[in-house]
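Here's the structure, in structure tokens; my notes come after.
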Amino acid sequence: MKRFFSGSLIIFCFLLIILPTSSEGKVYGGTVIYAAGADPDRLDPANAESNPAEAVNRMMYENLVKFDEKLRIVPGLATSWEQAKDGLTWTFHLRKGVKFHDGTPFNAEAVRVFIERMIGPEKPSRAGLYVPFVKSVEVVDDYTIKINLKTPFAFFLNNLAHSASGIVSPTALKTYGKDIARRACGTGPFKFVEWIHGDHLTMVRNDDYWGGKPYLDKIIVKTVKEDSARVMMLQSGDAHLIVRIPAEDIPRLEKDAKIKLDSTETLRTLYIGINCSKKPFTDVRVRQALNYAVDKEAIVQSIYQGRALVASGIVAPLATGYFPVKGYPYDPEKAKKLLAEAGYPKGFKAKLWSPHGRYPKDFELAQAVQQQLKKVGVDCTLDTMEWAAYLAATRKPVKENESELFLLGWAPSTAEARWILYPLYTTEQWVPQGNNRSFFSNKEFDELVNKFTRATNKTEMDKYLKEAQELLVKEAPSIFLLVTKETIGYSQKLKGVINSPLELTYFDHQTYLEK
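Counting in the numbering used here, the final residue of the sequence shown is number 510, and the numbers go up one at a time with none missing.
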């Protein structure tokens, strides 16, 4: 008996050494403090329009499909799907055994309510993702749903993966109505507790989460507007995670052994918009000259310390539908030659507008562009204004619009090229109806966008996407500058942080805090 006990003990100890625990070293428990730079605007996905809101909603809501870490479409609340040959009908097979935070079941009826809300008379602020394309929705059975389109739409799954497509409990919608914007009731790994505007938002673990019990007990998202205050909170341990770290603070934080920094390439391109309706910018040679005149690599190295990418076009490399295009190398002599050919051998004067604080180092970026344009004879006066006024000034109709050159950024929240090319450069999207602040209009480009949007196979879609991006670079309605990187910092004890190229930082059920 003694011999048997000794042998059993040896085997047991051996197994402890070679076999991982069921949680693979992860531990349950803990409250995480997340310091965000701004308050969420709304907790209703269909009406949320800010990054802080989209980040917290990602933790409480789920979509039929979602983006993985490489922005590929993968299953979410739908386990599989099929598209009809004509591209007009999508059939989704839904995940079983899922419950909303109020205990009601997730099923096809919940999806029907979600789609009909998006295309119905209520018109949520993000309805534009669905109204132009979706005709109707049909419940086939409890776990099968059909969505019928008005016309084939190549990027429909990307719209379903958008943060605005998080599915809200139909019961909660009835109970709270418009007040759902101040609450939240989804199927995600964390449940809403409270939201004190301007101070904090609290979530707790969803013990009934279909993907498995989340490790974290609680998440408190604090609103801390000052960059320096967030950095101090991270260094002191008062916050486990902070977002949007200023470039000048990164070298110091890199030396702190308690902190991990994560810099992720984003989908955001910063560019100088050119008002193509005003002379001399109506001449493509002038627009091309402006692109040759700017040393983007020098800007990336001097202003962003290498923490950005030179842009060759408007579409960021991580976007679905991106194609490498030959951009404009720094060539001031060629810029001068093009200006002379266009009738401006001595250059000209222009207005350059820039926000101050909306994007990383935006005003410094504009100052660098101003200095470089001056070297080829384009003498710009640089002006800034408060962000809301800036947007309003650049959104004025063509006859009232006083802009000439203006710094802006754009990131497609659907992670695909169409949601850059269509809103920024098609004729039908001229402001104030759309987002084409450059008043660029090119019939061939418009036709290419329409063709790749309606394509029913990838070969056809890719052909038109590539041609559209090449044509846009040739026509140069903007000075294409750089693609940003998003740097976050967090405690070395916090594991499983998601730093998405969509400029969203959030946690899932696998995130945990080491003891």
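Note that CB positions come from ideal geometry on N, CA and C, so glycine has one too. This one's a predicted model, so the numbers in the text were calculated from it and none came from an experiment.
Separation of Asp244 from Ala252, as counted between CA atoms: Walking along the sequence shown from the start, residue 252 turns up at place 257. Walking along the sequence shown from the start, residue 244 turns up at place 249. Each residue's alpha carbon lies about 15 Å from the other.
Enumerated in chain order, which unbroken segments of the beta strand (DSSP E) with a length of 3 residues or greater are wholly contained in the segment 84 to 151? 84 to 89, 129 to 136 and 139 to 144
Pick from Asp97, Phe151 and Met54 that is closest to Tyr171, judged by C-alpha positions: Indexing the sequence shown from 1 puts residue 171 at position 176. Taking only the C-alpha atoms, the option nearest Tyr171 is Asp97.
Can you tell me the Cα-Cα spacing of Lys61 and Asn452, whole angstroms? Sequence index remark: in the sequence shown, residue 61 carries index 66 (1-based). Sequence index remark: in the sequence shown, residue 452 carries index 457 (1-based). Approximately 21 Å between the Cα atoms of the pair.
Are at least three pairs of beta-carbons, each pair with one atom in the segment 24 to 37 and one in the segment 210 to 219, less than 8 Å apart? yes
Mind listing, in chain order, the continuous alpha helix (DSSP H) runs of no fewer than 4 residues lying wholly within the segment 282 to 309? 291 to 298
Taking buried to mean at least 16 other C-beta atoms within 10 Å of its own C-beta, is Arg37 buried or exposed? Along the sequence shown, one-based indexing puts residue 37 at 42. Buried.
According to the neighbour-count rule (16 or more other Cβ atoms, all chains shown, within 10 Å of its Cβ), is Ala31 buried or exposed? Sequence index remark: in the sequence shown, residue 31 carries index 36 (1-based). Looking at its Cβ environment, which holds 16 or more other Cβ atoms inside 10 Å, Ala31 is buried.
By Cβ distance, which residues of its chain are closer than 6 Å to Tyr56, with the 5 residues on each side in sequence left out? Position 61 of the sequence shown, counted from the start, is the residue given in the question as residue 56. Cβ neighbours of Tyr56 beyond the five flanking positions: Pro40, Gly161, Gly181 and Gly183.
Among the residues of its own chain, which have a CB less than 6 Å from the CB of Val393, if the five just before and after it don't count? In the sequence shown, residue 393 corresponds to position 398, counting from 1. Take Val393, set aside five residues on each side of it, and the residues of its chain with a beta-carbon closer than 6 Å to its own are Ser272 and Phe434, in chain order.
Whether Ile254 touches Ser486 by CB criterion (8 Å): Mapped onto the sequence shown, residue 254 falls at position 259. Mapped onto the sequence shown, residue 486 falls at position 491. For Ile254 and Ser486, yes; Cβs fall inside 8 Å.
Reducing DSSP to helix, strand and coil, say where Gly268 ends up. The residue given as residue 268 occupies position 273 in the sequence shown. DSSP places Gly268 within a strand segment (E or B) once states are collapsed to three.
Tell me the residue span of the beta strand (DSSP E) that contains Trp348. Indexing the sequence shown from 1 puts residue 348 at position 353. Note, Trp348: beta strand (DSSP E), Phe343 to Ser349.
Helix, strand or coil for Asn437, going by three-state DSSP, please let me know. Along the sequence shown, read from residue 1 onward, the residue named residue 437 stands at position 442. Looking at Asn437 - three-state DSSP - the assignment turns out to be coil, as it is neither helix nor strand.
Residues bridged to Pro70 by DSSP? Here residue 70 is taken as the residue at index 75 of the sequence shown, counted from 1. The partner list for Pro70 (beta bridge, DSSP) reads Val60.
Have a look at Ala288, Ser158 and Gln78 and flag the residue whose alpha-carbon is nearest the alpha-carbon of Asn52. For the purposes of this step, residue 52 is taken as the residue at position 57 of the sequence shown. The candidate whose alpha carbon is nearest that of Asn52 is Ser158.
Excluding five sequence neighbours on each side, which residues of the same chain lie with their C-beta closer than 6 Å to the C-beta of His195? Locating residue 195 in the sequence shown gives position 200, where the first residue counts as 1. Ile215 and Lys217.
Compare the beta carbon distance of Ile240 and Val226 with 8 Å and say whether it is the shorter of the two. Position 245 of the sequence shown, counted from the start, is the residue given in the question as residue 240. Position 231 of the sequence shown, counted from the start, is the residue given in the question as residue 226. Yes, Cβ-Cβ distance for Ile240 and Val226 is below 8 Å.
With a threshold of 8 Å, are at least 3 pairs of Cβ atoms found where one atom belongs to the segment 306 to 325 and the other to the segment 343 to 350? no
For Gln78, which residues does DSSP report across the bridge? Here residue 78 is taken as the residue at index 83 of the sequence shown, counted from 1. For Gln78, the pairing in a beta bridge is given by DSSP as Trp85.
Please work out which residues of its chain come closer than 8 Å, Cβ to Cβ, to Glu470, disregarding the five sequence neighbours upstream and downstream, and give them in chain order. Here residue 470 refers to the residue found at position 475 of the sequence shown. If we look at Glu470 and ignore the five residues flanking it on each side, its Cβ neighbours are Val279, Arg282, Phe435, Asn437 and Phe440.
Can you list the beta strand (DSSP E) stretches of 3 or more residues lying completely in the segment 189 to 234, in chain order? 195 to 200 and 213 to 218
Taking the continuous beta strand (DSSP E) assigned at Leu334, which residues delimit it? Counted from its first residue, the sequence shown places residue 334 at position 339. Not the beta strand (DSSP E): Leu334 falls in the alpha helix (DSSP H), residues Pro327 to Glu336.
Rounded straight-line distance, which links the Cα of Gln464 to that of Ser120: Counting from 1 along the sequence shown, the entry for residue 120 is found at position 125. Counting from 1 along the sequence shown, the entry for residue 464 is found at position 469. Rounded to the nearest angstrom, the two C-alpha atoms are 29 Å apart.
Compare the C-alpha of Trp382 against each of Asn445, Phe358 and Ala363 and name the closest. As a working note, residue 382 is residue 387 in the sequence shown. It is Phe358.
Determine the DSSP secondary structure at Gly172, reduced to helix, strand or coil. Position 177 of the sequence shown, counted from the start, is the residue given in the question as residue 172. Gly172 falls in the helix class under three-state DSSP.
Tyr385 - containing alpha helix (DSSP H), residue span: In the sequence shown, counting from the first residue as 1, residue 385 sits at position 390. It spans Trp382 to Thr389 - the alpha helix (DSSP H) in which Tyr385 sits, taken as one unbroken run.
Rounded to whole angstroms, what is the Cα-Cα separation between Leu334 and Thr389? By 1-based counting over the sequence shown, the position of residue 334 is 339. By 1-based counting over the sequence shown, the position of residue 389 is 394. Whole-angstrom Cα-Cα distance: 26 Å.
Taking the continuous beta strand (DSSP E) assigned at Arg478, which residues delimit it? As a position in the sequence shown, residue 478 is number 483, starting the count at 1. According to the sequence shown, residue 478 is Val rather than Arg. Ser473 to Ser486 is the extent of the beta strand (DSSP E) around Val478.
Using DSSP with H/G/I as helix, E/B as strand and the rest coil, what is Glu395? Here the question's residue 395 lines up with position 400 in the sequence shown. Correct three-state label for Glu395: coil.
Range covered by the beta strand (DSSP E) that runs through Asp374: What you label residue 374 is simply residue 379 of the sequence shown in a count that begins at 1. Per DSSP, Asp374 belongs to the beta strand (DSSP E) from Val373 to Thr379.
Which stretch, first to last residue, makes up the alpha helix (DSSP H) that contains Ala48? For the purposes of this step, residue 48 is taken as the residue at position 53 of the sequence shown. Looking at the DSSP string, the run of the alpha helix (DSSP H) that includes Ala48 is Asn46 to Met55.
Which value, in whole angstroms, describes the spacing of the CA atoms of Asp34 and Val163? Position 39 of the sequence shown, counted from the first residue, corresponds to residue 34. Position 168 of the sequence shown, counted from the first residue, corresponds to residue 163. Rounded to whole angstroms, Asp34 to Val163 spans 21 Å at the Cα level.
What would DSSP say about Arg263, mapped onto helix, strand or coil? Counting from 1 along the sequence shown, the entry for residue 263 is found at position 268. In the three-state DSSP reduction, Arg263 falls in the strand class (E or B).
Residue range of the unbroken beta strand (DSSP E) whose run includes Tyr317: Position 322 of the sequence shown, counting from 1, holds the residue named residue 317. Note, Tyr317: premise wrong, no beta strand (DSSP E); not H, not E.
Whether Ile294 touches Leu476 by CB criterion (8 Å): Working through the sequence shown from its first residue, we reach residue 294 at position 299. Working through the sequence shown from its first residue, we reach residue 476 at position 481. Yes, Cβ-Cβ distance for Ile294 and Leu476 is below 8 Å.
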